[in-house]
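1 is the number of the first residue of the sequence shown in full-length UniProt numbering; add one for each residue after it.
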Amino acid sequence: MRNHRGAAMSLTPTTDRTFVDDVLMTTTPVLVEFTADWCPPCTMIAPVLERIAREQAGRLRVVSLDVDTNPETTRAYGVLGMPTMSLFVRGRVVAQVTGARPQAQLMKEFEPHLGARV
């Protein structure tokens, strides 16, 4: 998969149709980035989330959901600002961050919910 610049991308897209299977029914924690093509901070944070996805592979999945083409899920989780990163564990949001942040700050928010490192 490639991002809009043609670079290799490790984020898996999810949609209104696939969200339950991709996020809610999995036993692995899932970080969902609610994003939009027109959002400059979303573009800025994309490499950070791709790095987290690579570094936490097997421990955390990172997926992206386009808010413009997937309004049902966006509305269901009350997402109003982009990017919003919501960490789902066993189908529940356990942590949420809105706005582009450095990797260390994001992981400080999410790490307590990830359990022991494998």
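Backbone N, C-alpha and C define an ideal beta-carbon position, used for all residues, glycine too.
Since the model is a prediction, treat every value here as computed from it, not as a measurement.
Asp21 is classed as exposed because its beta carbon has fewer than 16 other beta carbons within 10 Å across all chains shown.
Under the DSSP definition of a beta bridge, Val32 partners with Val63, Ser86. In the three-state scheme derived from DSSP, where H, G and I count as helix and E and B as strand, Gln96 is classed as strand. For Met82 against Leu106, the beta-carbon gap comes to about 15 Å, at or over 8 Å, which does not count as contact. Secondary-structure assignment with DSSP links Thr12 through a beta bridge to Val63. By the neighbour-count criterion, in which 16 or more other beta carbons inside 10 Å mark a residue as buried, Leu87 falls on the buried side. When rounded, the separation of the alpha-carbon atoms in Asp68 and Leu114 is 29 Å. Rounded to whole angstroms, the separation of the alpha carbons of Val48 and Met25 is 25 Å.
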